[in-house]
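Colleague:
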Amino acid sequence: IITQAYKFASNEYRLFPMRFEFNLCDAVFKYNMFGLESLQNCGNFTCSTEKGQTYHVCNWTLEQAKFPPYIPTGRYMMELQYLYLTDEVLVLHGYAGVVRPFVQKFH
Numbered sequence: 217i218i219t220q221a222y223k224f225a226s227n228e229y230r231l232f233p234m235r236f237e238f239n240l241c242d243a244v245f246k247y248n249m250f251g252l253e254s255l256q257n258c259g260n261f262t263c264s265t266e267k268g269q270t271y272h273v274c275n276w277t278l279e280q281a282k283f284p285p286y287i288p289t290g291r292y293m294m295e296l297q298y299l300y301l302t303d304e305v306l307v308l309h310g311y312a313g314v315v316r317p318f319v320q321k322f323h
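With the first letter of the sequence shown counted as 1, position 67 gets the number 283 in my numbering; the numbers rise by one all the way through.
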């Protein structure tokens with residue numbers, strides 16, 4: 217999987233310098249990248265994918281603690297490109313936001 221981030225700026229999503237390339241099975245079962253290990257908790261996700269099989273995931277959320285620290289506040293689009301050898305199989309777009317509490321200092 218190749219994952220590329222885009223940040224919302226000037227009314228459009230623009231390339232953001234955060235890009236990852238990883239093996240999905242290793243990310244889920246070996247390294248627990250981004251908290252993907254929780255995909256196993258509910259659903260039928262396995263690493264041996266088969267043609268014609270429908271896969272589902274339920275009640276799944278990303279683990280905030282597993283993301284790189286200090287990602288700037290803002291709206292993001294993540295593009296996930298799933299490859300089999302060198303063939304593009306699937307492209308997913310996910311949308312998320314990084315928010316932080318507004319802190320007001322009084323002097």
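Positions of the beta carbon are idealized from the N, C-alpha and C atoms, including for glycine.
Can you tell which of 318, 299, 226, 316 has the C-alpha that lies nearest to the C-alpha of residue 308?
Modeller: Among 318, 299, 226, 316, the Cα nearest to that of residue 308 belongs to 299.
Colleague: Per DSSP, what kind of secondary structure is residue 320 in: helix, strand or coil?
Modeller: Three-state DSSP puts residue 320 in coil, outside helix and strand.
Colleague: Give me the residue from 222, 278, 260 with the minimum Cα distance to residue 235.
Modeller: If we check each option's Cα against that of residue 235, 222 comes out closest.
Colleague: At the level of alpha carbons, what is the spacing between residue 277 and residue 271?
Modeller: Each residue's Cα considered, the two are about 17 angstroms apart.
Colleague: Please determine if the region 254-271 and the region 224-244 are in contact, where contact requires at least 3 C-beta pairs separated by less than 8 angstroms.
Modeller: Because the criterion of three Cβ pairs below 8 angstroms is met, the region 254-271 and the region 224-244 touch.
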